[in-house]
Amino acid sequence: MEDGSEHLLDQPGSIVIQRGTMHAWRNPGPEWARWVCVLVDADPAVVNGQPLKAELRGAPVDSSTITKTQH
């Protein structure tokens, strides 16, 4: 997956493997989707002998705008 790209996973059993990428996920459809993530710790990537620094992107989330439902 390339940063900034969008891919539609519409079949049961579809999988995504992202390694060291900036990522975000969303469900654009009206149906429920189940998503399972496994995060694995890794050593920092090294380029030209220098470890890459952590990078965080995205706007802060305003928790008052999140819809909470009980199932």
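The numbering of the sequence shown is the working numbering, which starts it at 20 and goes up by one. Ideal Cβ positions, reconstructed from N, Cα and C, are used throughout, including at glycine. Since this is a predicted model, take the numbers as computed values, not measurements.
Within the DSSP secondary-structure output, P70 pairs in a beta bridge with V65. CA-CA distance, L75 to Q30, rounds to 31 Å. The three-state secondary structure of S83, taken from DSSP, is helix.
Between L71 and A64, the C-beta gap is smaller than 8 Å, which places the two residues in contact.
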